[in-house]
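J.: Position in the sequence shown (from 1) plus 210 gives the number in the numbering used here.
Glycine included, every Cβ here is placed at the ideal spot set by N, Cα and C.
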Amino acid sequence: ARYSLARTHISSCDFSLGNYTYAPVAGDTLLQHFSIAEDQDDIIPMIKDAMAVSEDGFKLIASPWTAPPWMKDNNDWKGGKLLPEYYPSWALFFSKYLAAYKAEGIDIWGITVENEPLGNDSNWESMHYTPQEMARFVQGHLSPQLQADGHKVKVLGFDQNRDEELRKWVDVLYADEGISAHFDGMAVHWYASTYDHFPEALAYAHEKAPGKHLIQSEACVDAEVPRWQDDAWYWSKEATDWGWDWAPEDQKHLHPKYV
Numbered sequence: 211a212r213y214s215l216a217r218t219h220i221s222s223c224d225f226s227l228g229n230y231t232y233a234p235v236a237g238d239t240l241l242q243h244f245s246i247a248e249d250q251d252d253i254i255p256m257i258k259d260a261m262a263v264s265e266d267g268f269k270l271i272a273s274p275w276t277a278p279p280w281m282k283d284n285n286d287w288k289g290g291k292l293l294p295e296y297y298p299s300w301a302l303f304f305s306k307y308l309a310a311y312k313a314e315g316i317d318i319w320g321i322t323v324e325n326e327p328l329g330n331d332s333n334w335e336s337m338h339y340t341p342q343e344m345a346r347f348v349q350g351h352l353s354p355q356l357q358a359d360g361h362k363v364k365v366l367g368f369d370q371n372r373d374e375e376l377r378k379w380v381d382v383l384y385a386d387e388g389i390s391a392h393f394d395g396m397a398v399h400w401y402a403s404t405y406d407h408f409p410e411a412l413a414y415a416h417e418k419a420p421g422k423h424l425i426q427s428e429a430c431v432d433a434e435v436p437r438w439q440d441d442a443w444y445w446s447k448e449a450t451d452w453g454w455d456w457a458p459e460d461q462k463h464l465h466p467k468y469v
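1) Which of helix, strand or coil does DSSP assign to Ile-246?
2) Would you mind giving the Cβ-Cβ distance between His-351 and Pro-298, rounded to the nearest angstrom? I have them listed as a contact below 8 Å.
3) So, helix, strand or coil for Gly-290, using DSSP?
4) Helix, strand or coil, according to DSSP, for Met-344 in the structure here?
5) In the DSSP assignment, the beta strand (DSSP E) including Arg-372 goes from what residue to what residue?
6) Can you say whether Trp-452 is buried or exposed, counting buried as having 16 or more other CB atoms within 10 angstroms of its CB?
7) Could you tell me which of Trp-334, Ile-257, Tyr-232 and Ala-236 sits nearest to Ser-245, measuring between CA atoms?
8) For Glu-410, does the three-state DSSP call read helix, strand or coil?
9) Is Pro-274 helix, strand or coil by DSSP?
10) By the DSSP assignment, the alpha helix (DSSP H) with Val-210 in it spans what residues?
11) Heavy atom of the ligand ADP less than 7 Å from the Cβ of Tyr-230, yes or no?
12) Go through its chain and collect everything with a Cβ distance to Thr-218's Cβ below 7 Å, but skip five positions before and after it.
13) Given this structure, state the Cα-to-Cα distance separating Glu-374 from Glu-343, to the nearest angstrom.
14) Give the straight-line distance between the Cα atoms of Phe-304 and Trp-275, rounded to the nearest whole angstrom.
15) At which residues does the alpha helix (DSSP H) containing Leu-302 begin and terminate?
16) Give the DSSP-derived three-state secondary structure of Glu-387 in the structure shown.
17) Excluding sequence positions up to five away, which residues of its chain have a Cβ less than 8 Å from the Cβ of Tyr-230?
18) State yes or no: is the beta carbon of His-338 nearer than 8 Å to at least one beta carbon in chain C?
19) In the structure shown, what three-state DSSP assignment does Ala-358 receive?
20) Count Cβ pairs between the region 387-404 and the region 416-430 that sit closer than 8 Å; are there 3 or more?
21) According to the Cβ coordinates, are Leu-308 and His-361 closer than 8 Å?
22) Who pairs with Ala-216 in a beta bridge, going by DSSP?
23) In three-state terms, what does DSSP make of Trp-454?
24) Measure how close the beta-carbons of Ala-415 and Leu-424 come, nearest whole angstrom, since I'm counting them as under 8 Å.
25) Among the residues of its own chain, which have a CB less than 6 Å from the CB of Asp-283, if the five just before and after it don't count?
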């Protein structure tokens with residue numbers, strides 16, 4: 211397929227077989243028990259297989275769906291917020307992840323701070339940020355940690371639907387050079403609509419920072435009756451891996467994801 215950009219998840223996501231984190235020991239603020247062993251049997255070999263067959267190579271983005279529950283105000287996989295006292299530990303978590311994958315021969319090109327920081331109705335792993343909270347975490351903790359540890363990785367903000375909400379995040383994360391210097395761009399999803407691509411919101415984000423990235427980091431087919439044209443294109447062009455697509459409600463046993 212000659213893909214030039216791919217994405218993987220940091221700890222578990224809704225396409226995983228179950229909940230897991232690389233830092234399962236509560237109170238381990240220095241992450242002495244950090245381990246990516248959970249990824250050794252499937253995710254890492256799959257990425258290496260893709261690297262082996264890729265003729266031109268590809269960039270890899272990694273995103274967390276949630277911090278370990280013990281770092282959150284609700285002590286749960288779903289919803290809740292990162293407790294401020296664990297901002298340093300969560301920043302260290304990113305750094306250890308990048309180092310562990312690099313040791314496996316996998317260079318992560320970019321990270322998003324949080325997959326869907328506005329939430330997903332608590333259907334699976336999630337963690338909430340406001341734009342201001344994300345700015346504080348990145349500027350005060352994540353960026354300094356990555357720099358101290360020598361990680362030259364792109365940091366992308368937002369990572370949710372490409373609708374008008376994007377404007378609010380751009381206004382905060384690109385508010386001034388002191389904040390925007392820590393973000394290399396914005397990541398967006400297409401779920402607000404599969405046929406309306408919200409050109410005004412995307413143009414607004416681009417015009418605010420023409421030199422920064424604006425990347426669609428996630429997409430999955432959604433039916434919007436009576437708008438069928440995009441869905442028909444999706445299936446006719448085989449724009450997905452049939453073995454890993456979203457199973458119909460009556461065939462959930464065929465889908466690998468636990469949710």
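T.: With the given structure in hand:
1) Locating residue 246 in the sequence shown gives position 36, counting from the first residue. Note: Ile-246 maps to coil in three-state DSSP.
2) If you number the sequence shown from 1, residue 351 lands on position 141. If you number the sequence shown from 1, residue 298 lands on position 88. About 6 Å; that satisfies the 8 Å criterion.
3) One-based indexing of the sequence shown puts residue 290 at position 80. Coil.
4) Counting from one through the sequence shown, the residue named residue 344 turns up at place 134. Three-state result, Met-344: helix.
5) If you number the sequence shown from 1, residue 372 lands on position 162. Looking at the DSSP string, Arg-372 is not in any beta strand (DSSP E), and its letter there is neither H nor E.
6) Along the sequence shown, read from residue 1 onward, the residue named residue 452 stands at position 242. At Trp-452 the pLDDT is 46, less than 50, meaning the model places this residue with poor confidence; the figure from the coordinates comes in the next sentence. So Trp-452 ends up on the exposed side.
7) Here the question's residue 245 lines up with position 35 in the sequence shown. Here the closest residue by C-alpha is Tyr-232.
8) In the sequence shown, the residue the question calls residue 410 occupies position 200. Residue state, collapsed to three classes: helix.
9) Within the sequence shown, residue 274 is the residue found at index 64, counting from 1. The answer is strand: DSSP assigns Pro-274 an E or B state.
10) In this structure the chain extends from 211 to 469, so residue 210 is not present and cannot be described.
11) No copy of the ligand ADP occurs in the structure displayed, which carries no ligand at all.
12) Position 8 of the sequence shown holds residue 218. Hits under 7 Å: Ile-253, Ile-257, Leu-270 and Ala-272.
13) Here residue 374 is taken as the residue at index 164 of the sequence shown, counted from 1. Here residue 343 is taken as the residue at index 133 of the sequence shown, counted from 1. Cα to Cα, the separation comes out at about 19 Å.
14) As a first step, residue 304 is located in the sequence shown; it is residue number 94 there, counting from the start. As a first step, residue 275 is located in the sequence shown; it is residue number 65 there, counting from the start. If you take the alpha carbons of Phe-304 and Trp-275, they lie about 12 Å apart.
15) Stepping through the sequence shown from its first residue, residue 302 is reached at position 92. Element bounds for Leu-302: 297-313.
16) Residue 387 sits at position 177 when you count from the first residue of the sequence shown. Here Glu-387 sits in helix by DSSP.
17) In the sequence shown, residue 230 corresponds to position 20, counting from 1. Hits under 8 Å: Ser-221, Ser-222 and Glu-248.
18) Absent from the structure: chain C. Only one protein chain is present.
19) Counting from one through the sequence shown, the residue named residue 358 turns up at place 148. It is helical.
20) yes
21) For the purposes of this step, residue 308 is taken as the residue at position 98 of the sequence shown. For the purposes of this step, residue 361 is taken as the residue at position 151 of the sequence shown. In this structure, His-361 lies closer than 8 Å to Leu-308 by Cβ.
22) The sequence position of residue 216 within the sequence shown is 6, counting from 1. DSSP, once it has assigned bridges, lists Leu-270 as partnering Ala-216.
23) In the sequence shown, residue 454 corresponds to position 244, counting from 1. In this prediction, Trp-454 scores a pLDDT of 47, lower than 50, which makes its location untrustworthy; the coordinate-derived value is nonetheless stated afterwards. Helix, per DSSP.
24) For this step, residue 415 is matched to residue 205 along the sequence shown. For this step, residue 424 is matched to residue 214 along the sequence shown. Rounded, the Cβ-Cβ distance is 6 Å, consistent with contact.
25) The sequence position of residue 283 within the sequence shown is 73, counting from 1. Closer than 6 Å at Cβ, skipping near neighbours: Gly-290, Lys-291 and Leu-293.
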